[in-house]
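Residue numbers (UniProt numbering), protein chains in the order written: chain A, 1 to 177; chain B, 1 to 576.
Have a look at this one:
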């Protein structure tokens, strides 16, 4: 009777309320968008997202995460990049959460070793629920979210969702010009 | 409404000012409004400094006296507090009452305060009033806090010689989002713009992060991680946080909080000293208020002394032939407050468990807040965390406000040439957020202790065949039954295409941004070429106003289970 697994998944922060309204159709429309998306790290593994080797220790994962948090967390982002960085931060967070837990890291590594890299065609996922379940649905979802992200990124950041710090920094950089 | 009177600043006025003097951005000040005391701090350009009042005090009593037409707070005139308390004109403890309805046990426990707290048990805000010229003058927690904030703001403006508009406020971990909106309302009434509402122990965590960065050479750049457990217990609330700190980044791993604090120690001890206290004071006449005030002051002093002495004599004449004269021991205090201490223990354990850590994993144990001086509290924290020493680098009464001031500087985009502000707090959600489904159950969409900003989605389906509408009741909390959590808001999804029950897919997606704004999106997912019947609803939460207990009950009465949703069952073999 039940249709589909509702695993928690990370989508991306609505850069702009007007886009979030189109949110609902995300994985439907994605297939159309796939052919002409902007390249933004869509084929990166979690390791690549964190900029680390697959053999690194937990300590190094944590260090990489904190470093990237300092770079991408919206509170410390330079003006004009808050939206983009919030999305990056959420992705980095997802990667970190997966890799910092030994069990989920192990599971993830197994997926990787089976050749289920991220560089697969997202077209495969959408209309086939059964294969989604069998090939690690979360990864497919993940990919669809990246597509969504790319779509959003093609729109200019409106600035209405900026952190205060970002506002201030932007204001300052504008006045200093 | 009376509320309007305190709206001091018009937007155009300040924004104009900011534009003309924007060579340097305004640094947000940090404010810690405690249940009993409050303080203000600001980044001075090289360090955090606490702002002192005209009496050269850094900590001020959080209370407001209603006399004649003009209410006055305790920022400038703290000495009058004890006298005003005996006359019924002083209102305090508002942080305990803000955003609560009259069915809340915390509100009921506040009836022994020396002013009027009236409840009807119908899920609306309680009737709170001060006795002014023998007449009850009603007020609200928001109004009291606003009056107080206006004074704090004026004090800060005089000291800093500039207008103050932006603030970072510390709040208890256990505050619901509804309560946070009440705090924001109080700030707006005082002409203040809230940059961040920071859970108190996370402000302490930020201060810790800065101290670690400044002190440890081994930490510089290498990013070796230190785990700290922060225990904060004030008059009104008890909070625990666990933070992982490296290189100035404080990552909140887990939070736990509860409405338990020094006020409970006080009330339990008052009941112990005067078992029939509630009956004696129930009429709230001027004499009763005076007696209640006298007992309160005497008990408060005894608790303070018992932090240093094993026993203390109590001698208080409550008038009307009631005299209290006895020696109170520390053991007695601890005995009558057994439950309070047990709650503290449970919070620490819960927080460790949520962070998936053992006591041995914690490097530093930090204890702050007014109750940190109570020997039993220190013992509990040390014994659960299995250590002989507590972190000693902080003033327990100033740590939270200092952290708030740091966050104020960081969030205002200030940088420090010496790297003292190269700091970042990665926050986590103190409570789960979800909807009512599967009957009366609470189904979380964003779980407790999830790192923010975040976005999560969960799929639901219908309960009845051809169900065309669904009611999305958004709750916050961690109780299994939805109704025991805080209702944040509700809206309907319409136009679900006719189908057997369990077939339609209804997506509920929740998003928390860096400013802690919660948005809920919900709608029907359609497949293939079908057109969506209705656009997704996108609602910023919370939407409910006062009387949210009432709304929930009314909704249930009206709609019963006709508009229910159920969670779609999770598929077990996710890893194949």
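Just so it is clear, CB atoms sit at the ideal spot from N, CA and C, and this is done for glycine as well. Quantities reported herein were computed from a predicted structural model and do not represent experimental measurements.
Check                                                                                                                                                                              : Outcome
Flag this pair as yes or no: are the beta carbons of residue 501/B and residue 469/B separated by less than 8 Å?                                                                   : no
Any idea what DSSP makes of residue 89/B, helix, strand or coil?                                                                                                                   : coil
For residue 536/B and residue 167/B, what's the separation of their Cα atoms in angstroms?                                                                                         : 35 Å
Show which residues of chain B have a CB atom less than 7 Å away from the CB atom of residue 74/A.                                                                                 : 453 and 514
Our contact map puts residue 351/B next to residue 256/B with C-beta atoms below 8 Å; I'd like the distance itself, whole angstroms only.                                          : 4 Å
Per DSSP, residue 232/B forms a beta bridge with which residues?                                                                                                                   : 239/B and 368/B
What is the rounded straight-line gap between the Cα of residue 338/B and the Cα of residue 398/B?                                                                                 : 28 Å
Let me confirm a value: residue 146/B is counted as buried when at least 16 other C-beta atoms fall within 10 Å, else exposed. Which label applies?                                : buried
If the cut is a Cβ gap below 9 Å, which residues of chain B does residue 86/A touch?                                                                                               : 453, 513 and 514
Drop a sphere of 10 angstroms on the beta-carbon of residue 122/B, count the other beta-carbons inside from all chains shown, and report buried for 16 or more, exposed for fewer. : exposed
Secondary structure at residue 87/A, three-state DSSP: helix, strand or coil?                                                                                                      : helix
Determine whether the Cβ of residue 426/B lies closer than 8 Å to any Cβ atom of chain A.                                                                                          : yes
Step through the CB atoms of chain B and report whether any lies within less than 8 Å of the CB of residue 62/A.                                                                   : yes
If distances are taken between C-alpha atoms only, which option among 558/B, 555/B and 462/B comes closest to residue 564/B?                                                       : 462/B
Are there three or more Cβ pairs, one per stretch, closer than 8 Å when the segment 471-490 of chain B is compared with the segment 439-458 of chain B?                            : yes
Exposed or buried, residue 514/B, counting other C-beta atoms within 10 Å across all chains shown (16 or more means buried)?                                                       : buried
Hey, how far is the Cα of residue 155/B from the Cα of residue 420/B?                                                                                                              : 26 Å
Where does residue 167/B fall in DSSP's three states?                                                                                                                              : strand
How long is the line joining the alpha carbons of residue 544/B and residue 264/B, rounded to whole angstroms?                                                                     : 29 Å
Under the three-state reduction of DSSP, which class applies to residue 65/A: helix, strand or coil?                                                                               : helix
Note down, in chain order, each residue of its chain lying with its Cβ closer than 6 Å to the Cβ of residue 282/B, except the 5 sequence neighbours on either side.                : none
What does a CB cutoff of less than 7 Å around residue 376/B pick up in its chain, not counting 5 residues either side in sequence?                                                 : 334 and 341
Please determine, among 410/B, 369/B, 524/B and 431/B, the residue with the shortest C-alpha to C-alpha distance to residue 34/B.                                                  : 369/B
Which chain E residues sit within Cβ distance under 7 Å of residue 90/A?                                                                                                           : Protein chains A and B are contained in the structure displayed, whereas chain E is not.
Looking only at DSSP bridge pairs, what is residue 38/B linked to?                                                                                                                 : 33/B and 60/B
Can you pull the chain B residues whose beta carbon is under 8 Å from the beta carbon of residue 81/A, in chain order?                                                             : Per Cβ cutoff of 8 Å: no residues; residue 81/A is ~13 Å from chain B at best.
Any C-beta of chain A sitting closer than 8 Å to the C-beta of residue 249/B?                                                                                                      : yes
State buried or exposed for residue 558/B, treating a residue as buried only when at least 16 other CB atoms are found within 10 Å of its CB.                                      : exposed
From which residue to which residue does the alpha helix (DSSP H) around residue 534/B run?                                                                                        : Neither: residue 534/B is in no alpha helix (DSSP H) and is coded neither H nor E.
In this structure, does DSSP put residue 344/B in helix, strand or coil?                                                                                                           : helix
Let me check understanding here. Comparing Cα to Cα, which of 512/B, 401/B and 507/B lies closest to residue 51/B?                                                                 : 401/B
What does residue 93/A reach in chain B if we use C-beta pairs closer than 8 Å?                                                                                                    : 451 and 454
Report the rounded CA-to-CA distance for residue 540/B versus residue 517/B, giving the unit in angstroms.                                                                         : 8 Å
What are the residues in the segment 228-247 of chain B lying within 8 Å of chain A by C-beta distance?                                                                            : 244, 246 and 247
Which stretch, first to last residue, makes up the alpha helix (DSSP H) that contains residue 155/B?                                                                               : 141-160
With DSSP collapsed to three states, give me the class of residue 261/B.                                                                                                           : coil
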